[in-house]
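Participant:
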Amino acid sequence: MSGEIANSAWSSQQGAAALAAPSLTEKRRAFDWRILLGFLLPIAVALLWEAAVRFGLAQGRLVPPPSRIFATLLALAETGELWTHVWATLWRVLTGFIIGGVAGIVFGALSGSSETIRRLLDPTLQALRAIPSIAWVPLFILWLGIFEASKVALIAVGVFFPVYLGIAGAILSVDRKLVEVGHVFRLSRVQLARRILLPAVLPEAVIALRSGLGLGFMFVVAAEFMGASEGLGYLLVDGQQMGKPDQILAAIIAFALLGKIADSLLVLGTKPLVRWQDIVRERL
Amino acid sequence: MLELEHLSKTYADGTRALSDINLSVRQGEIVSLIGGSGCGKTTLLRLIAGLDQASTGAIKLDGEALSGPHPSVGIVFQEPRLLPWLSVSDNIAFGLDHISATERKERVAHALEKIGLIEHAKRWPRDLSGGQQQRVAIARAFVTNPKVLLLDEPFSALDAFTRASLHEHLLGLWEETRPTVVLVTHDVQEAVTLADRAVVMQPKPGRIFDELPLTLSRPRDKTDLPFETSVRRVLTALDHSLKPSHQQPQRERDRQAAALWW
Ligand SMILES: Nc1ncnc2c1ncn2[C@@H]1O[C@H](COP(=O)(O)OP(=O)(O)O)[C@@H](O)[C@H]1O
Ligand SMILES: [Mg+2]
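Quick note, the sequences are listed as chains B and S, same order.
If you're matching positions, the first sequence starts at -6 in the numbering used here and goes up one per residue.
If you're matching positions, the second sequence starts at 2 in the numbering used here and goes up one per residue.
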């Protein structure tokens, strides 16, 4: 189960790269109305379902109509309960993302820039990567307790691997021809890293961080499933135990929005760094 | 003076890319290396640029042995190799880290003017045409005022019109500081347009087959009779270099006679 989660995340990283390719030909132009086509299907389904429940064709007890889901979401927001949960989840994801991301960048950079270090580190890390991250949960709980530390650790592990792989891979695939330009101008190792390697890997580093963040949101759910008194994951479990499907769906929608917003902020924040590249942009 | 003495290069896989290359290039001379592909032309430039190590022999610049990239030696590759994250002017300034910001600005602005890309200074390389990119690459090599400039088929990917205009840009830049230029090409017209001497190379192992002085006055007119005669002479040498029977080039005497004739 957890293996599946991890696998789909790896492939989503490749998916992101594949999606990047066609937009190469796309030029920045006025708002493309065809984007709205994407909203058509979910809205149609929602309206149909709403109508089906209204006209008594469906019960709507296990699958509540959209109006009730939004009412629940609104109620949660009004009491302030929603924000407590959102904040708890966000804090865990961000802390885990920062720890896992920084570790991934450091180890990825080491492994990408030195053959010796790569031979030393990479086999072990690859072996660890093969372990479904959720299998660490019992160990983390024993070591770090059932509160925040073990949750953050699990998220950090989830974020670490895509970032590590992305950074190491990006450094290894830097164009040798550009590195030679650095040699011609007699750059020192540090200068070479700063003036050529770093800018060259930035676009792929952003992709790696984005898939790391995506995994962070995936793992926060697992972390909150293992016992939490707040967080969107807690809302999910609570909704199941209390038989409140509208609360579960409200939490899912909150997750979707939160994940999308966090990803957009990351893209926006790194945009100035990769502006020179026309492929990473107009993606998702 | 750039001197190559008994230069040989055998790659790790046993390919003898160069064998016993001897060549002296005067300060300010433009020499063009001509030969089919696989003659070791790129290998030779990479050795001079210090990007590869020779198996035997020495490379000397004004008596100083070169071993590795040298501040007085610049190179322009077959591809522009611009850094895509730097603007056009920052690309040109790439090798000028050691000088003051004001002088750097001045030199870059001057180079931009010389290559006619002033209005493109702030653009990304991706927004330039192939010919414009190669002009930037040439400017990047020139602004450091190298004593020796190496060019490896820098115009081979461009159409004839663009190529002719780049020849002018190159000569315009060269006029200013008169560096020694070693230009690799497989285009005889190009060699005769630009060079003071053509060095014809032969493959397997890569070696020098013949040298022909090109003593036409500048600027050169491609429709001139002397120009055409020179082209024909280089073509003949190239032709002979490809036939195994002609191991020895025709000697200096005939050539001098031919040169004196007109
Ligand atoms: N890195 C390398 N390793 C092995 N052989 C090489 C390498 N680079 C070039 N060669 C070989 O050396 C010979 C000369 O190559 P090169 O200098 O590129 O020729 P040219 O530029 O004249 O076409 C060729 O036979 C080529 O295959
Ligand atoms: Mg070549």
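Note that CB positions come from ideal geometry on N, CA and C, so glycine has one too.
These numbers come from a predicted model, not from an experiment.
To be precise: take each residue of the region 144 to 162 of chain B, compare its Cβ to all Cβ atoms of chain S, and keep it if any distance is under 7 Å. Which residues remain?
Facilitator: Of all residues in the region 144 to 162 of chain B, none has a Cβ within less than 7 Å of some Cβ in chain S.
Participant: Does the beta-carbon distance from valine 189 of chain S to valine 235 of chain S come in below 8 Å?
Facilitator: Cβ distance < 8 Å, so valine 189 of chain S and valine 235 of chain S count as in contact.
Participant: List the endpoints of the continuous beta strand (DSSP E) containing serine 25 of chain S.
Facilitator: 17 to 26 is the extent of the beta strand (DSSP E) around serine 25 of chain S.
Participant: Considering leucine 203 of chain S, what are the terminal residues of the beta strand (DSSP E) in which it resides?
Facilitator: Reading off the sequence, residue 203 of chain S comes out as glutamine, not leucine. Here the beta strand (DSSP E) through glutamine 203 of chain S covers 198 to 203.
Participant: For the 8 Å Cβ check, are there 3 or more pairs between the region 90 to 106 of chain B and the region 149 to 157 of chain B?
Facilitator: These segments touch.
Participant: Please identify the residue among S:Phe228, S:Thr224, S:Lys223 and S:Leu5 whose C-alpha is closest to the C-alpha of threonine 216 of chain S.
Facilitator: Checking every option, the nearest Cα to that of threonine 216 of chain S belongs to S:Phe228.
Participant: Less than 8 Å between CB atoms is the rule here; does serine 4 of chain B satisfy it with respect to chain S?
Facilitator: Caution is warranted here: a pLDDT of 41 is assigned to serine 4 of chain B, below 50, making its placement in the model unreliable, and the coordinate value is therefore given only provisionally. By this cut-off, serine 4 of chain B is not an interface position.
Participant: Where does glutamate 177 of chain S fall in DSSP's three states?
Facilitator: Residue state, collapsed to three classes: helix.
Participant: Suppose contacts are defined by Cβ-Cβ distances below 8 Å. Is proline 70 of chain S in contact with arginine 169 of chain B by that definition?
Facilitator: No; because the gap between Cβ atoms is not below 8 Å, this pair is not in contact.
Participant: When you compare each of S:Ile60, S:Gly51 and S:Tyr12 to valine 26 of chain S by their alpha carbons, which one comes out closest?
Facilitator: With distances taken between Cα atoms, valine 26 of chain S lies closest to S:Ile60.
Participant: Assign phenylalanine 143 of chain S to buried or exposed, taking buried as 16 or more other Cβ atoms, counted over all protein chains shown, within 10 Å of its Cβ.
Facilitator: Flag for phenylalanine 143 of chain S reads buried.
Participant: Starting from the N-terminal side, write out each stretch of the beta strand (DSSP E) that is 3 residues or longer and does not extend beyond the region 40 to 73 of chain B.
Facilitator: DSSP runs (the beta strand (DSSP E)) wholly in the region 40 to 73 of chain B: none.
Participant: So, for valine 193 of chain S: in the same chain, excluding its five sequence neighbours on each side, which residues have a beta-carbon less than 7 Å away from its beta-carbon?
Facilitator: Around valine 193 of chain S: Leu215, Phe228, Ser231, Val232 and Val235.
Participant: Our contact map puts arginine 179 of chain S next to glycine 64 of chain S with C-beta atoms below 8 Å; I'd like the distance itself, whole angstroms only.
Facilitator: That belief does not hold up - the Cβ atoms of arginine 179 of chain S and glycine 64 of chain S are roughly 19 Å apart, past 8 Å.
Participant: Kindly say whether histidine 78 of chain B, judged by its beta-carbon, lies nearer than 8 Å to any beta-carbon of chain S.
Facilitator: So no, histidine 78 of chain B is outside the interface.
Participant: With DSSP collapsed to three states, give me the class of threonine 186 of chain S.
Facilitator: Residue state, collapsed to three classes: strand.
Participant: Residues of chain B with CB closer than 8 Å to the CB of leucine 48 of chain S, please, in chain order.
Facilitator: The premise fails here: leucine 48 of chain S is roughly 13 Å from chain B at the closest Cβ pair, so nothing lies under 8 Å.
Participant: Using a threshold of 8 Å, state whether the C-beta atoms of tryptophan 269 of chain B and tryptophan 86 of chain S are closer than that.
Facilitator: Yes, the Cβ-Cβ distance between tryptophan 269 of chain B and tryptophan 86 of chain S is below 8 Å.
Participant: Let me know the secondary structure DSSP gives leucine 129 of chain S once reduced to three states.
Facilitator: Three-state DSSP puts leucine 129 of chain S in coil, outside helix and strand.
Participant: Rounded to whole angstroms, what is the Cα-Cα separation between alanine 249 of chain B and tryptophan 84 of chain B?
Facilitator: Those two C-alpha atoms are separated by around 16 Å.
Participant: With hydrogens ignored, establish whether the beta-carbon of aspartate 211 of chain S is closer than 7 Å to any heavy atom of ligand 1.
Facilitator: Outside the cutoff, so no.
Participant: Enumerated in chain order, which unbroken segments of the alpha helix (DSSP H) with a length of 4 residues or greater are wholly contained in the region 229 to 271 of chain B?
Facilitator: Taking only runs of at least 4 residues, the alpha helix (DSSP H) segments lying wholly in the region 229 to 271 of chain B are 238 to 263.
Participant: Going along chain S in order, which residues have a C-beta closer than 8 Å to the C-beta of lysine 264 of chain B?
Facilitator: Chain S residues near lysine 264 of chain B: none, gap ~13 Å exceeds 8 Å.
Participant: How would you write the range of the beta strand (DSSP E) that leucine 62 of chain S sits in, first residue to last?
Facilitator: That run of the beta strand (DSSP E) goes 57 to 62.
Participant: Which residues share a DSSP beta bridge with proline 214 of chain S?
Facilitator: Partner(s): S:Arg198.
Participant: What residues sit near ligand 2, counting only those whose C-beta is closer than 7 Å to one of its heavy atoms, in chain order?
Facilitator: That gives S:Ser38, S:Lys42, S:Thr43, S:Gln79, S:Asp153, S:Glu154 and S:Val185.
Participant: Sorted by chain position, which residues of the same chain lie with C-beta nearer than 7 Å to valine 167 of chain B's C-beta, five sequence neighbours on each side aside?
Facilitator: Correct list, in chain order: Leu190, Ala193 and Val194.
Participant: For phenylalanine 210 of chain B, return the contacting residues in chain S, with the cut-off set at a CB-CB distance below 7 Å.
Facilitator: The contacting residues do not exist; phenylalanine 210 of chain B stays about 30 Å from chain S at best.
Participant: Using 10 angstroms around the beta-carbon of glycine 226 of chain B, count the other beta-carbons present and answer buried if the total reaches 16, otherwise exposed.
Facilitator: Burial call: buried.
Participant: Return yes when at least one heavy atom of ligand 1 lies under 7 Å from the C-beta of threonine 16 of chain S, else no.
Facilitator: Checking every heavy atom of ligand 1 against the Cβ of threonine 16 of chain S, one is found closer than 7 Å.
Participant: Three-state secondary structure (DSSP) at threonine 11 of chain S?
Facilitator: Residue state, collapsed to three classes: strand.
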